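Sequential numbering of the sequence shown, starting at 1, is according to the working numbering. Beneath this line is the structure, given in structure tokens, with notes to follow.
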Amino acid sequence: MNTDLKLPKTYKSLLMLALVVGPFVWLAFAEDGQRRTDLALMFVLGKPEFNAALDAFDSELTESRLRETFPKLSFQCVAGENPFGNRLCGAEIGTFNQIPASSVTLFLLDDRLRAAKVVYKRAYHETLRDWLDQRLAARKPNAIAAPMPDARAGVLARPVQDGVLLMREGELSREDEPALLWLSQAAINARR
Numbered sequence: 001m002n003t004d005l006k007l008p009k010t011y012k013s014l015l016m017l018a019l020v021v022g023p024f025v026w027l028a029f030a031e032d033g034q035r036r037t038d039l040a041l042m043f044v045l046g047k048p049e050f051n052a053a054l055d056a057f058d059s060e061l062t063e064s065r066l067r068e069t070f071p072k073l074s075f076q077c078v079a080g081e082n083p084f085g086n087r088l089c090g091a092e093i094g095t096f097n098q099i100p101a102s103s104v105t106l107f108l109l110d111d112r113l114r115a116a117k118v119v120y121k122r123a124y125h126e127t128l129r130d131w132l133d134q135r136l137a138a139r140k141p142n143a144i145a146a147p148m149p150d151a152r153a154g155v156l157a158r159p160v161q162d163g164v165l166l167m168r169e170g171e172l173s174r175e176d177e178p179a180l181l182w183l184s185q186a187a188i189n190a191r192r
């Protein structure tokens, strides 16, 4: 008994077309594909990763400890008064916890960290919000003593171990900076 197992030419052509076009369509048009394309581009461009647990940061962190933990980041520091201390250190980054980002800024009081700001790519605002919700869902943060920002002001505030994480709630307008800000409890207390 002979069975013809040969595939029709049209079927093979369509299958080959799907194998070639499918990944391109996913990379170009799917949200996850675009994020992975951006991550690959940041790697190719040599932009360093900043895989930090901002929710675990505390007021005892020092600049030297952060430089030791993230040796690939080229922090540029300047002395001068700022809202949270007397020194600023900034570095260009490519990703923040696998989310395309552009920079990180550390606000220091002498050598102690008081606040940190991560500026991420505008297109990944909802992705970062989802990441934040998932990350904090399993944690039971300490209640912070400072008043929380008013949710009607468009700010999402989440208490963490030492302080609070802040980001813009809802969609970003053209004027809004796509940023995640960590404020230590020491910085909150000093602003009272």
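By construction, the Cβ of each residue, glycine as well, lies at the ideal position given by its N, Cα and C atoms. Treat the numbers as computed from the prediction; the structure is a model and nothing was measured.
The C-alpha of residue 21 is placed about 34 Å away from the C-alpha of residue 103. As the crow flies, the alpha-carbon of residue 174 is around 53 Å from that of residue 8.
The Cβ atoms of residue 112 and residue 62 sit closer than 8 Å to each other. Per DSSP, the unbroken beta strand (DSSP E) holding residue 76 starts and ends at 76-82. Inclusion of residue 114 and residue 64 in the CB contact set at 8 Å is not warranted, their separation being larger than that value.
Residue range 185-191 is occupied by the alpha helix (DSSP H) that includes residue 189. In summary, residue 57 is buried, with 16 or more beta-carbon neighbours lying within 10 Å of its beta-carbon over all protein chains present. When the Cα atoms are used, residue 126 and residue 172 turn out to be separated by approximately 10 Å.
Residue 117 is classed as buried because its beta carbon has at least 16 other beta carbons within 10 Å across all chains shown.
Selection 155, 168, 50, 189 evaluated against residue 162 yields 189 as nearest (Cα-Cα).
Following the DSSP letters along the chain, one finds residue 91 inside the beta strand (DSSP E) bounded by residues 85-92. Its Cα nearest to that of residue 120, the residue 180 stands out among 180, 71, 109, 78.
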